[in-house]
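Working notes for the structure below.
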Amino acid sequence: MKKCLNVALALLLVGCVTLSACNGKKENSTTETSSDKTASSVDPAASSLSNIDPEIVEKLTATEKGADAFWEGKRVYLSSEVPVDTGGGAADLHVTLADKDANTTELGVIPRVFSGPDGIVSMDPDYYMFVTQYHLNEDLPDADEMERILVRINPEKSEVEEIHYSEGIVDWQNLSPYASSVYSVGRKVVFLDGYIAEEVIGLTLRTFITVYDVDTKTCTREMECTINKVQTKGDILFRMCSDGEKIYTLYDVVDGKNSTTYLVVLDSDFTELQRIEIGEDMNDVCNRSRVWKINVWKDLIFFSYNADDGQKIFIGRLGEDKIEKVTELQNYSVVGNTEGSAPVLVQMETNTICMISESGETRAVRLQIDGVEESFISQWSLEGSTLYVNMYYEKDHGYGFADYLIHLDKIGADTREIVLPN
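Structure representation (structure tokens):
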């Protein structure tokens, strides 16, 4: 069964090298609207699990920092290291696994990484991720040439393979700003990609879905769109996700001051199944300058976007010709996967995880480390119904990190607080 880990990656800064994160923003949770009180508030009469059942929470042996993902009972760490001979122009990305007892195994190294990855996807027995890599050009050693590559990781064999699929090498400033996280659909790995190119009609932004077929080991483009550099004429893909069986993408058709936004649904063969026009009531939510992530679970769709009063998540229900609003929450991040289990919403600074039902009802559970006053969730990852969280805490004039696995399907319906073992 294909799995997708929408990974919470910390922002790694090494010299001039930036490894971008998908969920790792520390969010301001000082404001709360009436629409998110259900998810954020904890009923004082609800139960607290103080003597934790080990079937619900497992404490892992902590490492130096939070893991970037969790799979198959192990944590994956991505760490960058600048080789001495590069003068700070690129970093090598090391891929390391740690088991529950913090025993580590280095799987391999990806050289000359500029940015990425934004997500890791599983296609048994391998894992895939996209990164942007400095292109090695012996004639132009100082050029800012970049190449997007696909990386295959095999934990069992400790293999890290670079798959070079790009048709061209571009300057980093010409990479599309609308690249997405990596997803799976059927036996294919998909990624929203693009670049700015000089063409007959002038500078053009090309956006498309890069598709890697795991079985045939071939790479193709689907739903390719072009728009002029000033983005006043053409069409453009700007956000994408998958539930493992279908692809969902936000798509703009632009003609001068007139533009129409659609949610387009495709099957694994990229046949269009549905096209929903986004109405005026959702223009702010799905605006290209505001929405930064979408997720789908069953018939619920989640739009993470930047509103005038802070970061929000709009939760809607997919109909035949429209998206019906279910609720809207503030200062949460969506943690999703494609294994059929529900996504989880995380609010970092209040140590809150929020579970959601098929009807769209939300239920918040606060996490608290036993004997610790100051703490927050720093990183997270979801595999099936198991949520990995890394907790930063301050205690006795010092600080530390603790790792836990929380089995969401074991939490009782009336539980609103979990005291984590120290």
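Residue numbering for the sequence shown follows this note's numbering, starting at 10 and increasing by one per position.
Each residue gets a CB set at the ideal place from its N, CA and C atoms; glycine is no exception.
Every value quoted in this text rests on a predicted model; they were computed, and no experiment measured them.
- Annotation for K238: I205, G211, L212, T213 and L214 place their beta carbon closer than 8 Å to its own, counting only its chain and skipping 5 residues before and after.
- Boundaries of the beta strand (DSSP E) around Q320: G319 to L327.
- Going by beta carbons, Y413 and S384 fall outside the 8 Å limit.
- Rounded to whole angstroms, the gap between the alpha carbons of I303 and E231 is 19 Å.
- Separation of T141 and D222 (C-alpha to C-alpha, rounded to the nearest whole angstrom) is 20 Å.
- Excluding sequence positions up to five before and after T72, its CB lies within less than 6 Å of the CB of A107 and A111, all in the same chain and listed in chain order.
- Nearest to V353 by C-alpha distance, out of E382, V305 and D330, is V305.
- Rounded to whole angstroms, S251 and V194 show a C-alpha spacing of 7 Å.
- Residues L414 and H416 of the same chain have their beta carbon placed closer than 6 Å to that of T395, with the five preceding and five following residues left out of the count.
- The shortest CA-to-CA distance from K83 to any of S89, I386 and T105 is the one to T105.
- By the beta-carbon neighbour count (other beta carbons within 10 angstroms, threshold 16), Q339 is buried.
- When secondary structure is reduced to three states using DSSP, D293 falls in the coil class, being assigned neither helix nor strand.
- N399 is not a Cβ neighbour of R375, given a cutoff of 8 Å.
- In its chain, beyond the 5 residues on either side, N360, S384, E426, I427, V428 and L429 have a beta carbon closer than 8 Å to the beta carbon of Q377.
- Put simply, of T241, P134, E382 and K266 the residue whose alpha carbon is nearest the alpha carbon of D224 is P134.
- According to the DSSP assignment, T235 belongs to the beta strand (DSSP E) that extends over T227 to N237.
- For the set K255, R284, V343 and G253, the Cα lying nearest the Cα of D261 is the one of R284.
- Residue environment: W181 is assigned as exposed (fewer than 16 neighbouring CB atoms within 10 Å of its CB, all protein chains considered).
- For N340, there is no enclosing beta strand (DSSP E), as DSSP marks it with neither H nor E.
- Contact between I324 and F311 holds, with the beta-carbon distance rounding to 6 Å and staying under 8 Å.
- Non-local C-beta neighbours of T235 in its own chain, meaning closer than 6 Å and more than five positions away in sequence, comprise T213, R215 and G243, ordered along the chain.
- The shortest C-alpha to C-alpha distance from I129 to any of K334, R161, M155 and P186 is the one to R161.
- Between E154 and H173, the C-beta gap is not smaller than 8 Å, which leaves the two residues out of contact.
- Around the beta carbon of R196, a 10 Å sphere encloses fewer than 16 other beta carbons of the protein chains shown; the residue is thus reported as exposed.
- The alpha-carbon of F123 is positioned some 15 Å away from that of P186.
- Note on geometry: alpha-carbon atoms of N267 and Q240 lie some 11 Å from one another.
- When DSSP reads this structure, T371 sits in a beta bridge with I365.
- For K68, the secondary structure class from DSSP, reduced to helix, strand or coil, is strand.
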